[in-house]
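Data first, discussion second: the structure below is written as structure tokens.
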Amino acid sequence: MNLIQTLLWMIFMMIMNLTNEIKWVNCSHELNEHTSETSLRRWIHTVFSFLFHNF
743 MNLIQTLLWM
753 IFMMIMNLTN
763 EIKWVNCSHE
773 LNEHTSETSL
783 RRWIHTVFSF
793 LFHNF
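Each residue of the sequence shown is one higher than the one before, starting from 743 at the first, in this note's numbering.
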């Protein structure tokens, strides 16, 4: 992996840690949180696959 991919991966892991922390904070709103989390992860996955294919 080159430098840009490494930096993107670090950012990606930070975002995943943030979503896990948000999950613990919002565990009372489980249904809404579940749909928002899946859409967020889908968006992150799309962005990163796009970026990794370009580099």
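Virtual Cβ for every residue (Gly too), placed ideally from N, Cα, C.
Can you round the beta-carbon distance between residue i and residue j to whole angstroms, since I take them to be within the 8 Å contact cut?
{"i": "residue 792", "j": "residue 754", "result": "With 8 Å as the limit, residue 792 and residue 754 do not qualify as a contact, their Cβ atoms being about 13 Å apart."}
Going by beta-carbon coordinates alone, are residue i and residue j separated by less than 8 Å?
{"i": "residue 746", "j": "residue 786", "result": "no"}
{"i": "residue 761", "j": "residue 782", "result": "yes"}
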